[in-house]
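A short worksheet on the structure shown next.
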Amino acid sequence: MSQLMIQELIDQLLLSSVWELIALLLALAYLLFAAHQRQWCWLAAGISCTIYAIIFWQARLYMEALLQVFYIVMAGYGWWQWQKSVIATEGPKRKFNWRWHALQWAWVIPAGTIIAILLDVYTDADAVWLDTYTTLFSLLATWLITQKAYETWWYWLVIDSVYVYLYWSKGFVATALLFVVYVILVVYAMYRWRADQQNQWVLENQ
Numbered sequence: 001m002s003q004l005m006i007q008e009l010i011d012q013l014l015l016s017s018v019w020e021l022i023a024l025l026l027a028l029a030y031l032l033f034a035a036h037q038r039q040w041c042w043l044a045a046g047i048s049c050t051i052y053a054i055i056f057w058q059a060r061l062y063m064e065a066l067l068q069v070f071y072i073v074m075a076g077y078g079w080w081q082w083q084k085s086v087i088a089t090e091g092p093k094r095k096f097n098w099r100w101h102a103l104q105w106a107w108v109i110p111a112g113t114i115i116a117i118l119l120d121v122y123t124d125a126d127a128v129w130l131d132t133y134t135t136l137f138s139l140l141a142t143w144l145i146t147q148k149a150y151e152t153w154w155y156w157l158v159i160d161s162v163y164v165y166l167y168w169s170k171g172f173v174a175t176a177l178l179f180v181v182y183v184i185l186v187v188y189a190m191y192r193w194r195a196d197q198q199n200q201w202v203l204e205n206q
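Using this note's numbering, you'd call the opening residue of the sequence shown number 1 and step up by one each time.
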């Protein structure tokens, strides 16, 4: 990356709102805590998503704003779920086979098509197709992480890569850069959860 591009990125970050930067830092904290299976990830997520819900609504990314509201609810559910004795002591597992995932895609794809068309026709929403599909697949991936299902990270690897483009195109440079870091951290989380799977297997078979 050239010095000119680096300087442009710094200038864009300086133009980002304080609230966006706070949400960014909390979102990073969420993923780091999640990678290490720490329950505090849900608190960081709840606060970050509250901030993002407001700024995305103001940017007319309505599905993204509604997604943040869902995340807030799921943060509460995730906190409760990870606090349960069984989940708290359980390591990450590949819990759902390809048939289960295919069944989810069978309703997510047509539902996304209908929602995107309705948003395009009846609202002033922007980037309706990317906005809708990233939202719906994020719902699925978020539920998977509350279950400590390892395959959640494969979803996030694709979703976060798409978000880099979406947020950059909307002028949320700080958030777009956050998702670049997210992609890297998702790979790290995959490594951590895989290692935890192996350690859990060793303990169960001693």
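Here a beta-carbon is modelled for each residue, glycine too, at the ideal position from N, C-alpha and C.
Leaving out five residues before and five after Asp160 in sequence, what residues of the same chain have Cβ atoms less than 8 angstroms from its Cβ?
Your numbering for residue 160 matches position 160 in the sequence shown. Cβ within range, chain order: Phe179, Tyr182, Val183, Val186.
Give me the Cα-Cα distance between Tyr77 and Phe70, rounded to the nearest whole angstrom.
Working through the sequence shown from its first residue, we reach residue 77 at position 77. Working through the sequence shown from its first residue, we reach residue 70 at position 70. Each residue's Cα considered, the two are about 10 angstroms apart.
Proximal residues to Lys95 (C-beta, below 7 angstroms), its chain only, five neighbours per side dropped:
Within the sequence shown, the letter at position 95 stands for residue 95. Once the five neighbours on either side are set aside, the close Cβ partners of Lys95 are Gln147, Ala149.
Length-filtered (4 minimum) alpha helix (DSSP H) runs lying within the stretch 107 to 176
Unbroken alpha helix (DSSP H) runs of no fewer than 4 residues, entirely contained in the stretch 107 to 176, are found at 128 to 146, 152 to 169, following chain order.
Give a yes or no on whether the C-beta atoms belonging to Ala53 and Ala29 are separated by under 7 angstroms.
Locating residue 53 in the sequence shown gives position 53, where the first residue counts as 1. Locating residue 29 in the sequence shown gives position 29, where the first residue counts as 1. Cβ distance not < 7 angstroms, so Ala53 and Ala29 don't count as in contact.
Quick one: Cα of Ala127 to Cα of Gln83, how far?
For the purposes of this step, residue 127 is taken as residue 127 along the sequence shown, with counting starting at 1. For the purposes of this step, residue 83 is taken as residue 83 along the sequence shown, with counting starting at 1. Looking at the two C-alpha atoms, the distance is approximately 37 angstroms.
Return the chain-ordered ranges of every alpha helix (DSSP H) run that is complete within the stretch 19 to 68 and spans a minimum of 4 residues.
Correct list: 41 to 58.
What is the rounded straight-line gap between the Cα of Ala35 and the Cα of Leu140?
Here residue 35 is taken as the residue at index 35 of the sequence shown, counted from 1. Here residue 140 is taken as the residue at index 140 of the sequence shown, counted from 1. So the two alpha carbons sit approximately 18 angstroms from each other.
Can you grab the Cα-Cα spacing for the pair Gln104 / Phe137, in whole Å?
Counting from one through the sequence shown, the residue named residue 104 turns up at place 104. Counting from one through the sequence shown, the residue named residue 137 turns up at place 137. So the two alpha carbons sit approximately 9 angstroms from each other.
According to the neighbour-count rule (16 or more other Cβ atoms, all chains shown, within 10 Å of its Cβ), is Ala189 buried or exposed?
Along the sequence shown, one-based indexing puts residue 189 at 189. In the assembly as shown, Ala189 is a buried residue. Its beta-carbon has 16 or more other beta-carbons within 10 Å.
Environment of Met1 [buried if 16+ CB atoms lie within 10 Å]:
As a position in the sequence shown, residue 1 is number 1, starting the count at 1. Any reading at Met1 must be qualified, since the residue scores a pLDDT of 48, below 50, and its modelled position is unreliable; the value itself is stated next. Note on Met1: under 16 other CB atoms within 10 angstroms of its CB, so exposed under the neighbour-count rule.
Measuring straight from C-alpha to C-alpha, what distance separates Ser169 and Thr132?
If you number the sequence shown from 1, residue 169 lands on position 169. If you number the sequence shown from 1, residue 132 lands on position 132. Rounded to whole angstroms, the separation of the alpha carbons of Thr132 and Ser169 is 16 angstroms.
Roughly how many angstroms lie between the CA atoms of Asp120 and Asp196, to the nearest whole one?
As a position in the sequence shown, residue 120 is number 120, starting the count at 1. As a position in the sequence shown, residue 196 is number 196, starting the count at 1. If I take the Cα positions, the gap works out to 44 angstroms.
Cut-off 7 angstroms between Cβ atoms - residues of its own chain near Ser48, not counting five sequence neighbours on either side:
In the sequence shown, residue 48 corresponds to position 48, counting from 1. The residues Ala23, Leu26, Ala27, Tyr30, in chain order, have a CB closer than 7 angstroms to that of Ser48 in the same chain once the five nearest residues on each side in sequence are set aside.
Out of Ile115, Ala125, Val164, Val108, which has the shortest C-alpha to C-alpha gap to Arg60?
Within the sequence shown, residue 60 is the residue found at index 60, counting from 1. Residue Ala125 is the option with its Cα nearest to Arg60.
Can you name, in chain order, every residue of its own chain whose Cβ lies under 6 angstroms from the Cβ of Trp217, other than the five neighbours on each side?
There is no way to answer for residue 217, as the model of the chain reaches only from 1 to 206.
From Glu64 to Leu157, what does the alpha carbon distance come to, in whole angstroms?
Here residue 64 corresponds to residue number 64 of the sequence shown, with the count starting at 1. Here residue 157 corresponds to residue number 157 of the sequence shown, with the count starting at 1. Each residue's Cα considered, the two are about 18 angstroms apart.
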